[in-house]
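Residue numbers (our numbering), protein chains in the order written: chain A, 275 to 777; chain B, 198 to 661. Note sheet for the following structure.
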């Protein structure tokens, strides 16, 4: 009978212990997660080295899962890492997940003079597992309370170290690109595309230093700068830098307000460019108003016999003569909340006495001339993202040019035949991986003519010497027929561009 | 002795079941807490749940392979509890019939699987599908159940699957600058300021080609209006049309016709003088009549002040130059009449318009143009019309559209019916197309009007 009771008692006691079995499965799941999924866990580590007075409360801690008992110890090369889960939407207080003992074995092997010998040898052991700690917690153990108090005290004085290993949290996810409220985009663009010197802003200097390793950023600033290709040349020397402004020289064969590739205007423009930043307070290129103004004289060059022989230009001989005159070309950064702006104005004396390009028989030839051109636009900038990998710009504006028709028959007669304002639209895109200008393109639509340009860096010999390949294609008029002064078909130019000191 | 036995049995009973009830009352609480700890371990990316990589495995053999591993590891649960053999057999029938698919989702910042569930294919159309078993929400646990090799296979997606990953196309309007390039009605907003609270003043330059409300859409008008615009928002919102007032002032310049040569056809409308254009629009009725908030009243007018000289026209003396020099419209747009879901918001507008028509000749005997209808006087050249528009518009999301139908009837007995559409993709690229058909038209009297009008333009928008 007694044996029967004892048997029943044993069976019932065993049965009663089966019910909380699911809890240990949960412990396993958490411990496996902590071990296997290290990088994505939103847990924190608190470092702890117990003091003598704390030892008593942290000795002989029973470990229901791991077995045996554990006591914290005081040793110079031993640190305890308490891994915690902070309170969140699911938990109303922090939870201690594990305690690890980290021993620096190299530090313990010092020589006679107290110096450590050999490489660091860190040994990390889990001394209290999740199951052990949860068991202590649910049994109301004072050991858990002591550990919890230690953690709370630590959190009051310092932030715990996050053990999250994913890099995605370092960058902010954004749906759209960005546009700068200051002059950064304007300066980045001009630095990459202008034929003249633009000062570096701080982020560009740092990138240059990173790219070249140990090279000092200051050593990439050359004493003089040159930008030359088949159709223009610009020159700057540091003696032309006056602090608040800088002057450089330029010569080119282009005509900005007209649909021509270089050399087709049959002119040579020579002059100076002034760069000025106007600061209201402490000078800061990103916030100052920047003015980039050129004054050039335009001279006519009779290239009517040679222009078709130039190997890097293709297209029919132009029919429009561009007159001599003066050019004012101004660019400005943001001012009073307005966008960056561009103003181009060229004007000269109306003189149709000599036509380099005429139509019709020699005794009654007709020549077309343009003397005044102007164009103005606002520039809008935006970037693909925070890294500014793709840098885009849109110029929206209007332009106008006049056309005089001169008839050389029984003297010379002239009349104004064209003087209309037309919208102009130009889209630019620069590709700048790691803040290094590598490639760019532009598409301009003006007076129904589309001009596409492309440049690409092909050689970089030290940061100072850069060679680019450039090409432009200008289409025939779209959605209208040719004017009398427009040569049929499109035109194109390819060239190499050398930049020294303009990195 | 009997009493002793009863007491002993009673003691055992209390011992066992008291223990059990203590276990029952604490175990679920403990279990819940463990579950919450387990679910809190991962970095929370709930804000990206709809953008995470999602897909469905529908390969029947692969599904059986994975399912079998779950069976072997006894990892299938319903409501957190083990399932019986009967339930397993019943659910497995769906696998035999190839009705089961696997619904998966990856974590946002790395490539690990964070959600795995067996479900019926028919459940996929439900926003919250019923799963056959409890989903697995931990890649480590999944790896443990199906093995590392199978887990890697699932992760790398080297099998037939259906991708359900959402791409975010939501667009919001910006007030820093707005470059809206549409040949028919472009505008460039380049300056903005806030004077108090969340209001906004915007300054733009605008263009306008034609006027639908006086039946001369797009390039059929022969004039292009350019000018400046001031817009005021009492409080910024996602809809740029919800301004308090908008004022445009400009002038008309001569415009050509696309797809034609430089010489205009005689029956095209032309610009014959310097003009002034004014458009004032606003949600101002609410200050006069209660309950009219959102109703937009618009007044639009163009007045040509002078006449060009004969020498400015390259036409034969016998040709007639047609010109609409002045017009005026008054319209009222009703706010959101009805929400038609994905189709958009229903809008209705209507109003009155009046426009003149001048017929000139460029005679070489005079510097000034000769008005053929001079006897009619200024007022006699006007005709009046009534117009109605109804359409739907939708903003936000991947596709934004504004599609409307229009009906205009002139007091001279003719009219125009048609539709217009502005459709944008991601609020950046789009097309504007308007098609109108005349009815009751007497081409002899009005040779400058067309039987059919088709105008269109690509749209490019950059807004920050």
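Glycine residues also receive a C-beta, built at the ideal position from the N, C-alpha and C atoms.
Residue i versus residue j - alpha carbon distance
i	j	result
residue 691 of chain A	residue 412 of chain B	33 Å
residue 218 of chain B	residue 305 of chain A	With a pLDDT of only 46 at residue 218 of chain B, under 50, the local geometry of the prediction cannot be trusted, and the value read off the model is given with reservation. Taking the straight line from one Cα to the other gives about 28 Å.
residue 493 of chain A	residue 737 of chain A	The pLDDT assigned to residue 493 of chain A is 43, lower than 50, so where the model puts this residue is not dependable, and the model offers no usable value.
residue 494 of chain B	residue 354 of chain B	57 Å
residue 439 of chain B	residue 739 of chain A	54 Å
residue 375 of chain A	residue 595 of chain B	54 Å
residue 285 of chain B	residue 336 of chain A	42 Å
residue 607 of chain A	residue 507 of chain A	24 Å
residue 628 of chain A	residue 644 of chain A	13 Å
residue 429 of chain B	residue 509 of chain B	40 Å
residue 569 of chain A	residue 536 of chain A	19 Å
residue 544 of chain B	residue 600 of chain B	10 Å
residue 428 of chain A	residue 307 of chain B	32 Å
residue 456 of chain A	residue 390 of chain B	16 Å
residue 464 of chain B	residue 420 of chain B	14 Å
residue 378 of chain B	residue 497 of chain A	44 Å
Close beta carbons around residue i, own chain, < 8 Å, minus the five adjacent residues each side
i	result
residue 608 of chain B	580, 581, 582
residue 569 of chain B	517, 556, 557, 558
residue 144 of chain B	As displayed, chain B neither begins before 198 nor continues past 661, which places residue 144 of chain B out of reach and without an answer.
residue 578 of chain A	540, 591, 630, 631
residue 466 of chain A	665, 704, 706, 711, 714
Among the options, nearest to residue i - alpha-carbon criterion
i	options	result
residue 600 of chain A	A/423, A/373, A/571, A/627	A/571
residue 353 of chain A	A/325, A/343, A/366, A/361	A/325
residue 585 of chain A	A/455, A/765, A/560, A/673	A/765
residue 326 of chain B	B/297, B/348, B/346, B/403	B/297
residue 598 of chain B	B/283, B/541, B/372	B/541
residue 459 of chain A	A/432, A/425, A/614	A/614
residue 566 of chain B	B/436, B/226, B/504, B/578	B/504
residue 450 of chain B	B/469, B/250, B/357	B/469
residue 617 of chain B	B/414, B/276, B/638	B/414
Buried or exposed (CB count within 10 angstroms, at least 16 for buried), residue i
i	result
residue 362 of chain B	exposed
residue 683 of chain A	exposed
residue 471 of chain B	exposed
residue 655 of chain B	exposed
residue 651 of chain A	buried
residue 730 of chain A	exposed
residue 467 of chain B	buried
residue 204 of chain B	exposed
residue 704 of chain A	buried
residue 270 of chain B	exposed
residue 645 of chain B	buried
residue 533 of chain A	buried
residue 547 of chain A	buried
residue 525 of chain B	buried
residue 431 of chain A	exposed
Contact set for residue i: own chain, Cβ-Cβ below 6 Å, skip 5 residues either direction
i	result
residue 772 of chain A	502, 741
residue 512 of chain B	559
residue 538 of chain A	592
residue 735 of chain A	none
residue 304 of chain B	311
residue 447 of chain B	422, 423, 424, 474
residue 646 of chain A	621, 676
residue 437 of chain B	370
Neighbourhood of residue i by C-beta distance below 7 Å, restricted to the same chain and skipping five residues each side
i	result
residue 658 of chain A	451, 664
residue 514 of chain B	558, 559, 560, 561
residue 487 of chain A	For residue 487 of chain A, the pLDDT reaches just 39, beneath the cut-off of 50, and the residue's location in the model is therefore unreliable, although a value from the coordinates is still provided. Taken in chain order, the list of residues that qualify is empty.
residue 396 of chain A	376, 378
residue 473 of chain A	559
(message) Short of 9 Å Cβ to Cβ, which residues in the segment 310 to 327 of chain A face chain B?
(response) Listed in sequence order: 310, 311, 313, 314, 315, 316, 317.
(request) Compile a chain-ordered list of the residues in the segment 359 to 378 of chain A whose CB is closer than 7 Å to at least one CB of chain B. (result) 359, 362, 364, 365, 369
(message) Please list, in chain order, the residues of the segment 598 to 619 of chain A that have any C-beta partner in chain B closer than 7 Å.
(response) Correct list: 611, 612, 613.
(request) Pull out every residue of the segment 228 to 248 of chain B whose Cβ sits closer than 7 Å to any Cβ of chain A, in chain order. (result) 228, 231, 232, 233, 234, 235, 236, 237, 238, 239, 240, 241
(request) Can you give me, in chain order, the residues of the segment 374 to 401 of chain B that have a beta carbon less than 8 Å from any beta carbon in chain A? (result) 374, 376, 378, 385, 387, 388, 389, 390
(message) Counting only Cβ-Cβ distances shorter than 9 Å, please list the residues of the segment 451 to 472 of chain A near chain B, keeping chain order.
(response) 451, 452, 453, 455
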